[in-house]
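Participant:
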Amino acid sequence: GQSLEQPSEVTAVEGAIVQINCTYQTSGFYGLSWYQQHDGGAPTFLSYNALDGLEETGRFSSFLSRSDSYGYLLLQELQMKDSASYFCAVREIGKLIFGQGTELSVKP
Amino acid sequence: NAGVTQTPKFRVLKTGQSMTLLCAQDMNHEYMYWYRQDPGMGLRLIHYSVGEGTTAKGEVPDGYNVSRLKKQNFLLGLESAAPSQTSVYFCASSYGGTGPGTGELFFGEGSRLTVL
Chain Z
1 GQSLEQPSEV TAVEGAIVQI NCTYQTSGFY GLSWYQQHDG GAPTFLSYNA
51 LDGLEETGRF SSFLSRSDSY GYLLLQELQM KDSASYFCAV REIGKLIFGQ
101 GTELSVKP
Chain L
109 NAGVTQTPKF RVLKTGQSMT LLCAQDMNHE YMYWYRQDPG MGLRLIHYSV
159 GEGTTAKGEV PDGYNVSRLK KQNFLLGLES AAPSQTSVYF CASSYGGTGP
209 GTGELFFGEG SRLTVL
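Same order as they appear, the protein sequences are chains Z and L.
Using the working numbering, you'd call the opening residue of the first sequence number 1 and step up by one each time.
Using the working numbering, you'd call the opening residue of the second sequence number 109 and step up by one each time.
Shown next, in the form of structure tokens:
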């Protein structure tokens, strides 16, 4: 089976940097995705790492270490609108399995 | 360009009733998925399809059936609804294979189902 672990809650202040970690156990791993969800709406795609290393997209970066079964999402220059739930998800053949999510609260 | 469309968006059922949720995508995606999300929980995969005419079980398939008769549509059925199936249901689609594009799922807006 699969399992993903990520913190349930993270709090940070506006303008700061926050890192959300994700560890996983799975068979047939192809890559790690990150999604953002506001107030129970449709999740939106942030990033996908298939290879080891750092991927940067604007204020967001995502990292993967396949040997450590570990990844993280880094959010820089936090804004109030970044308050949301963030999910890591592992890509296996044919399917994407999600973690429980991390609730990020950004304070003024 | 509609993307992924789910109908209905809201539904209230009585225990034992049946219903079907419809998901339609216009992006010519090979893969389609049904997830459920309960309060404070992540998305749990119910069933998925890797192409027209195919379906497979996900993490929580019991009590649900699916069909993918046409590439653009993926139907989720509840034969005899139970209160435990009260949830928000999300449909999603993606490119097929294992390349970089398969990490990105396109989600519908969700269908909120209450079973009394």
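Beta carbons: idealized from backbone N, C-alpha and C, even for Gly.
Bear in mind the structure is a predicted one, so any value in this text is a computation, not a measurement.
Shorter than 8 Å from the beta carbon of G161/L to some beta carbon of chain A?
Facilitator: As a matter of chain content, chain A is missing from the structure shown, whose protein chains are Z and L.
Participant: Alpha carbon to alpha carbon, what distance is there between C88/Z and A200/L?
Facilitator: The residue you call residue 200/L lines up with position 92 of the second sequence. The residue you call residue 88/Z lines up with position 88 of the first sequence. Distance between the alpha carbons of A200/L and C88/Z: 16 Å.
Participant: Under a CB-based cut-off of 8 Å, is G40/Z close to chain L?
Facilitator: As a working mapping, residue 40/Z is identified with position 40 in the first sequence. Yes - at least one Cβ of chain L is within 8 Å of the one on G40/Z.
Participant: What is the rounded straight-line gap between the Cα of S105/Z and the Cα of F214/L?
Facilitator: On the first sequence, residue 105/Z is found 105 positions in, with the first residue counted as 1. On the second sequence, residue 214/L is found 106 positions in, with the first residue counted as 1. In a straight line, the C-alpha of S105/Z is about 25 Å away from that of F214/L.
Participant: I want to verify the contact list: residues of chain Z whose CB lies under 7 Å from the CB of F215/L, in sequence order.
Facilitator: For the purposes of this step, residue 215/L is identified with residue 107 of the second sequence, where counting begins at 1. The answer, in chain order, is A42, P43.
Participant: Comparing the C-beta of A164/L with each C-beta of chain Z, is any distance below 8 Å?
Facilitator: Indexing the second sequence from 1 puts residue 164/L at position 56. Chain Z, which has a Cβ nearer than 8 Å to the Cβ of A164/L, makes this yes.
Participant: Excluding five sequence neighbours on each side, which residues of the same chain lie with their C-beta closer than 6 Å to the C-beta of Q2/Z?
Facilitator: Numbered from 1 along the first sequence, position 2 holds the residue referred to as residue 2/Z. T26, I97, listed in sequence order.
Participant: Nearest-angstrom Cα distance between L51/Z and Y70/Z?
Facilitator: Mapped onto the first sequence, residue 51/Z falls at position 51. Mapped onto the first sequence, residue 70/Z falls at position 70. Rounded to whole angstroms, L51/Z to Y70/Z spans 12 Å at the Cα level.
Participant: Determine the closest residue to G41/Z out of Y172/L, L221/L, V196/L, T163/L, with distance taken between C-alpha atoms.
Facilitator: Here residue 41/Z refers to the residue found at position 41 of the first sequence. Here the closest residue by C-alpha is V196/L.
Participant: What residues from chain Z crowd round F198/L, counting only those whose CB sits closer than 8 Å?
Facilitator: The residue labelled residue 198/L in the question sits at position 90 within the second sequence. The answer, in chain order, is A42, P43.
Participant: G28/Z and I93/Z: beta carbons closer than 8 Å?
Facilitator: What you label residue 28/Z is simply residue 28 of the first sequence in a count that begins at 1. What you label residue 93/Z is simply residue 93 of the first sequence in a count that begins at 1. Yes, these two residues count as a Cβ contact at 8 Å.
Participant: Helix, strand or coil: how does DSSP classify K81/Z here?
Facilitator: Along the first sequence, one-based indexing puts residue 81/Z at 81. Residue state, collapsed to three classes: helix.
Participant: Apart from the five residues just before and just after T194/L, which ones in its own chain have a Cβ nearer than 7 Å to its Cβ?
Facilitator: If you number the second sequence from 1, residue 194/L lands on position 86. Correct list, in chain order: L221, T222, V223.
Participant: For H155/L, write down the residues that DSSP places opposite it in a beta bridge.
Facilitator: What you label residue 155/L is simply residue 47 of the second sequence in a count that begins at 1. According to DSSP, H155/L bridges with W142/L, K165/L.
Participant: Run through chain L and tell me which residues come within less than 8 Å of S33/Z, C-beta to C-beta.
Facilitator: Residue 33/Z sits at position 33 when you count from the first residue of the first sequence. Correct list: G211, E212, L213.
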